[in-house]
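Protein chains in written order, with the working numbering: chain A, 1 to 268; chain B, 269 to 533; chain C, 534 to 1078; chain D, 1079 to 1175.
We treat Cβ as the ideally placed atom computed from N, Cα and C, and that holds for glycine.
All values reported here derive from a predicted model rather than from experimental measurement.
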Amino acid sequence: MSLLLAESFAERGARERAQSLLDAQSARELIGPFARLSSPYLAAQGVVAQSDDGTVVMRGTLGGERACVVATDGRFLGGSIGEIGGAKIAGALELARRDFERGTPTRMVLALDTGGIRLQEANLGILAVTEICDAIVALRMLMPVVAVIAGRVGVYGGLSLSTALCSSIIVSEGARVGLNGPDVVETESGIEEMDSSDRPLIWRVTGGRMRFEAGFASELVPDDVQAIRAAVEHAFTHPRPLPPLEPPEFPDPRLERDAFLRAMGIEP
Amino acid sequence: MSASVRGRVWLEKLAAGGAPVAGLPPSVLASDTAIDGHAVRVIAVVPDTHARFARARNGEVGIDEGFGLARAIRATPQGSAILAIVDVPGQAFGTREEAVGLQRALAASAEAYVLARRGGHPVLALVVGKAISGAFLAHGLQAGWIGALDDGAIEIHVMSEPAVARVTRMEREDLARVAREVPATARDIKTFATFGAIDRIFEVSDPDAPSGADVSRVLQTLAQVLREPELGLRDPVERLARPQAQATRAIARRVRDELQAQWDA
Amino acid sequence: MNSPVWNSRRKRKTERLARIAHRVRDGRFDAADAVAVLQALIEPGDRVCLEGNNQKQADFLSRSLASVDPALIHDLHLLISVIGRPEHIALFERGIASRVDFSYSGPQSLRFAQQVADRKVSVGAIHTYLELFARYFVDLTPDIALIAADEADASGNLYTGPNTEETPTIAEATAFRDGIVIAQVNRVVEKCTRVDIPGDWVDLVVVADRPYYIEPLFTRDPELIDDVQILMAMLVLRGIYEKHRVKSLNHGIGFDTAAIELILPTYGERLGLRGDVCTHFVLNPHPTLIPAIESGWIKSVHCYGGELGMERYVAARPDVFFTGRDGSLRSNRAFCQAAGLYATDLFIGSTLQIDRDANSSTATLGRIAGFGGAPNLGSDPRGRRHSSEAWLEMTSSVEEVRRGRKIVVQLVETFQESGVPTFVERLDAIELARSAGLPLAPVMIYGDDVTHVVTEEGIAYLYRARDADERRAALAAIAGVTKIGLGADEARTQTLRADGVVAFPEDLGVRRSEANRTLLAARSIRELVDWSGGLYDPPKRFRSW
Amino acid sequence: MIETLRYEYPAREAVTRRAHVGVVASGNCEVLLEPSSAKAASIVVRTSVSGFDATWQAVLKRFFARNPIAVQIEINDFGATPAVVALRLEQALEGAR
């Protein structure tokens, strides 16, 4: 009956995910939905804006220490990052760095579920992601920055760069991490390069388990709130840095695609 | 897609007589030169029709390019500035790349730029061609100072136009209309400059074959910028405070103000 | 005077088989000769029964039949359960078949309607499955049957795997009246895994160019179940299953019934209903049944067909499923339909349209979709003579001579996702029948068979209504803001609630705020796999790992 | 492309807290509910699916006839069915009481 007791993380919305990673009763949302800071660019493109822009910032404590969780909601426009969501992430990272310099370090957790930069705000999104990448590296030089990728979308696009810069990356088996989504690869390079309907292949190539086994993620967790919380806390108390961003071992890319994948231990 | 020669052309002109950096993949060119007496490492990603990754033969930033850029940046000599020549049609779209971890390759280069800039190397960028998506994030956007050519062929966006059309299920005419109404979706350099990230736009006679006058005008400006190294050391967040960004990025500033006000409430 | 001839059918069969004798060895012919064999065997005007089931498809034979020369073979009378494949339509387009009797045409409903409109094909009737099979033994006996199986042995015995479906029925009707039975098989073996069809019912065997096509039709991804479906599932569980102690039942295919299956181990467990309701099912092996089976709710399941990916799980649960000596599922659509008709207390399913008298239809203009098994399952069998608590509860009669009634439930949201109302003044089926020249409007379930209608607003207990006017009022009370629902009179609705003819969630102790996905015992395909202990092996398109 | 609809209904009951439920995802909607000092419920609906004014009106009228609460409500809609809208309103009300 243990299956009935597991509390799924992926099932929750961004707000509940952020809450669930902070100590009980400690969560306090910043710029919540009633602040009505929502994207002014979407209406002209036929999209109704969400009151929190799909990104939630929560302050609180984590293991008793000052903390901030930023979570994106994969259900609103694929969790895409526009001006407001991007500024929430970058701004929180900047404040965490200020806190460290003031001697009151704040643990920073990015619980991302995003297809990447929001097409409807492309230029503003790419500038925000530039700021996010810079802020992660700047903060990481001082203290751990932890990414949690355990949603139904995973992390794709510009934000996959950002998460690769974090000091710890916690992934679930259901999540995916890649630069280009399978449908984009199929559009740009053809179906023989990537069949975006071949779901098992997509997970074998970009799924959480593969990323963990390749050493690109620090922890592989089940889709369970308690397990993910414990992994996050552990990432701060026992930081285990990921390998530096050097090229991994890989077979000759001139091999035929399937042969290449097999040589990487991926059954196409 | 016909491969663009601009990256190579501009690198060769701006770093004429420079010393090529060895040990890089053929698609990553780097050259140590001096501009008005300032040491500069000039770096470009260029097409390599023989690249071992087939999806990265037109100047895309792929596995070898991302890690190659990182190597070139990290090895920048003490006291040297960095100039990124940007002509990148996008990242490599391939299954092999995704399997190897393309996001890490691009992150390696972005990280190297951040660490170089934060470590005291002024980082400049000159956009001479396309600057699409992850490729631009990995090569150019982390610069403290960014110049660009005034040219209609320059395209800045997060996704190619056909792919945007497919994802948003909009016709190209609709996309053009939206780009007029919502500048954040435009693809041209002038609109992009309104967000405060472009410090200078150069008029040139021929972006593909710049004249001596074109080159010397650009070199003059670069020399001025290098005389004020703090320009190349500015963090991306400082763009929010620029005059051009007053209106266009007001919301991003407001988000930060409110976050700060509520942070310890 | 000539002596009468009593074996003309047999003689004709012998003649036909003689025409292809040179292509046959040991009862088998080559796949390469398939078109030639069919062309030589079949005669214009023949009744040809083609195995196009809900899942298993004799697709090699249907492709071959679609390739014969229409100058030689034409005007066939096609008998088929499901018009599901493009080549079925090609048979009409090319003039190979010009008449059809069938049951369901879901995937091809649009193209099929076009063929009817173009007078390329005339429709005998749209049947429910059992009715169509029954006619194979009366006035629609096939001359030729084209069937599909997994294995054949040297004697022509066939093994059909978990998807036996209608193969034995078709073969029996054909073989025992001197028709010709041709089976495409995936492979020939020395000894069949199990004998599903005896070899002496089979005349010819051909090894197909590729394994028969099979469609995963009954897999519903729990990730797509929403709060409204969960609310309706809670209403059904409390207001119908618990109230009437429903033990034996059939669930239609859909997310709303999947939601019911998935809240049995959670909500149902909390209500203490395990063992009291939902103990015997008649349905395909829905993956969403796994948590309820594993939690000990379900004693038996009989299946029309199999479901891709459920093979190993079913084989490992022989106490629950009907399995052969080899361990694999034995399904049989005819028996399962009979079981659903006579031996279950309840049918529950969804529809696209309901009128004010509770007649329901899935027909929409421009499409001839047919019914499948719903009209059979969703009707009261007047011949039933065994009783159960639930069956008897449907009657208020206190006469010494009385009968019970089957519970027939329609489960619908008041509006479809596109904002189209489910409750309508007039079924599209009526106009469809007119434009397609059908003698009957394709009503899936007649209102007088419907005992309950459930929406997100509540339950209408139509069997308790005193007259037609009260039935309409009860239906309107739960029809939400559709035109029909807006016609409800508030005061009358209150009276109907007091009389137990209508129940709102609060009347049943169902809290709307509780209706959310945490009630689902499994919220993803992955969790279904986990529940099955790794025995369930979902098809690719359902995997997120 | 986006339709903005406004409705107002009489109200007499007060609620104590504000509440936020739902998400702007296909077939779903977001509801923001705030207590109001006016003796009315005023609702703003923003929807990407146009042409359903009458349906919105009917759903809201029913809800506020049963729950005459003094509130300001904002609904951001992405094609939610009346059933989903009603459920989200119920959930918001539960959170506000």
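Would you please state the rounded distance, in angstroms, between the beta carbons of residue i and residue j? I believe it to be under 8 Å.
{"i": "I1017/C", "j": "F956/C", "result": "4 Å"}
{"i": "L161/A", "j": "A135/A", "result": "Wrong, their Cβ atoms sit about 13 Å apart, outside the cutoff."}
{"i": "M767/C", "j": "A1048/C", "result": "6 Å"}
{"i": "Y669/C", "j": "L624/C", "result": "Actually they are not in contact, since the Cβ atoms of Y669/C and L624/C sit about 19 Å apart, beyond 8 Å."}
{"i": "C725/C", "j": "E684/C", "result": "5 Å"}
{"i": "V435/B", "j": "I126/A", "result": "Actually they are not in contact, since the Cβ atoms of V435/B and I126/A sit about 16 Å apart, beyond 8 Å."}
{"i": "D878/C", "j": "I796/C", "result": "At roughly 20 Å, the Cβ-Cβ gap does not stay under 8 Å, so D878/C and I796/C are not in contact."}
{"i": "S218/A", "j": "S168/A", "result": "4 Å"}
Which chain B residues are close to residue i, counting only those with a beta carbon under 8 Å from its beta carbon?
{"i": "D198/A", "result": "Within 8 Å Cβ-Cβ: nothing; D198/A doesn't reach chain B, min ~10 Å."}
Whose Cβ in chain C lies nearer than 7 Å to the Cβ of residue i?
{"i": "G174/A", "result": "R1059, S1077 and W1078"}
{"i": "S8/A", "result": "R1056"}
Can you give the Cα-Cα distance for residue i and residue j, rounded to whole angstroms?
{"i": "G916/C", "j": "R938/C", "result": "11 Å"}
{"i": "R199/A", "j": "V277/B", "result": "43 Å"}
{"i": "E498/B", "j": "V391/B", "result": "10 Å"}
{"i": "F562/C", "j": "I713/C", "result": "14 Å"}
{"i": "P975/C", "j": "I963/C", "result": "7 Å"}
{"i": "A1036/C", "j": "R1030/C", "result": "5 Å"}
{"i": "G805/C", "j": "L1052/C", "result": "15 Å"}
{"i": "L1165/D", "j": "V761/C", "result": "7 Å"}
{"i": "R652/C", "j": "R632/C", "result": "10 Å"}
{"i": "A399/B", "j": "A421/B", "result": "11 Å"}
{"i": "E699/C", "j": "P675/C", "result": "14 Å"}
{"i": "R140/A", "j": "A90/A", "result": "13 Å"}
{"i": "M1/A", "j": "I823/C", "result": "Reliability of the predicted coordinates at M1/A is poor, the pLDDT of 43 falling under 50, and no value is obtained from them."}
{"i": "E1168/D", "j": "A1010/C", "result": "19 Å"}
{"i": "F1156/D", "j": "L21/A", "result": "29 Å"}
{"i": "D1131/D", "j": "I1080/D", "result": "13 Å"}
{"i": "M269/B", "j": "N326/B", "result": "Residue placement at M269/B cannot be trusted, given a pLDDT of 47 that sits under 50; the coordinates are not used to answer."}
Going along chain D, which residues have a C-beta under 8 Å from residue i?
{"i": "Q50/A", "result": "V1101, V1102, E1108 and N1154"}
{"i": "D733/C", "result": "Chain D residues near D733/C: none, gap ~55 Å exceeds 8 Å."}
What residues of chain A sit near residue i, judged by a beta carbon separation below 7 Å?
{"i": "G369/B", "result": "A214, F216 and P248"}
Would you kindly check if the distance between the Cβ of residue j and the Cβ of residue i is under 8 Å?
{"i": "A998/C", "j": "A1007/C", "result": "yes"}
{"i": "N690/C", "j": "I715/C", "result": "no"}
{"i": "S26/A", "j": "T55/A", "result": "no"}
{"i": "R309/B", "j": "A298/B", "result": "yes"}
{"i": "G906/C", "j": "Q870/C", "result": "yes"}
{"i": "V109/A", "j": "A49/A", "result": "no"}
{"i": "R254/A", "j": "R320/B", "result": "yes"}
{"i": "R485/B", "j": "F470/B", "result": "yes"}
{"i": "A338/B", "j": "A376/B", "result": "yes"}
{"i": "Q590/C", "j": "Y837/C", "result": "no"}
{"i": "G387/B", "j": "A360/B", "result": "no"}
{"i": "L571/C", "j": "S597/C", "result": "yes"}
Closer than 8 Å by beta-carbon distance: list the chain A residues that pair up with residue i, in chain order.
{"i": "T1125/D", "result": "V48"}
{"i": "E441/B", "result": "Ordered by position in chain A, no residue passes the 8 Å Cβ test against E441/B, which lies about 14 Å from the chain."}
Please list, in chain order, the chain D residues whose beta carbon lies closer than 7 Å to that of residue i.
{"i": "T947/C", "result": "P1160 and A1161"}
{"i": "P33/A", "result": "H1098 and L1110"}
Please list the partners that residue i has in chain D, where partner means a Cβ-to-Cβ separation under 9 Å.
{"i": "G952/C", "result": "V1127, G1129, F1130, T1133, G1157, T1159 and P1160"}
{"i": "E989/C", "result": "T1159, P1160, A1161, V1162, A1164 and L1165"}
{"i": "A27/A", "result": "Those do not exist, as A27/A stays about 14 Å from chain D at its closest Cβ, beyond 9 Å."}
Below 8 Å between beta carbons is the criterion; list the residues of the segment 1019–1051 of chain C that meet it against any residue of chain D, in chain order.
For the segment 1019–1051 of chain C, the set of residues with a beta-carbon nearer than 8 Å to any beta-carbon of chain D comprises L1019, R1045, S1046 and A1048, in chain order.
Residues from the segment 740–770 of chain C in contact with chain D, defined by Cβ distance under 8 Å:
So the list reads D759, D760, V761 and L764, given in the order they occur along the chain.
Contact set between the segment 1127–1141 of chain D and chain C, restricted to residues whose Cβ is under 7 Å from the partner:
If the cut-off is 7 Å between Cβ atoms, the segment 1127–1141 of chain D has V1127, F1130, T1133, A1136, V1137 and R1140 near chain C.
Beta carbons nearer than 8 Å to chain C: which residues of the segment 1161–1175 of chain D have them?
The segment 1161–1175 of chain D vs chain C, Cβ under 8 Å: A1161, V1162, A1164, L1165, E1168, Q1169 and E1172.
Cβ-based contacts, 7 Å cut-off: residues of the segment 995–1020 of chain C near chain D:
Within the segment 995–1020 of chain C, the residues whose Cβ lies closer than 7 Å to some Cβ of chain D are G1013, V1014 and L1019, listed in chain order.
Taking any Cβ of chain B, which residues in the segment 158–169 of chain A have a Cβ under 7 Å from it, in chain order?
Listed by position along the chain: G158, S160, L161, A164 and L165.
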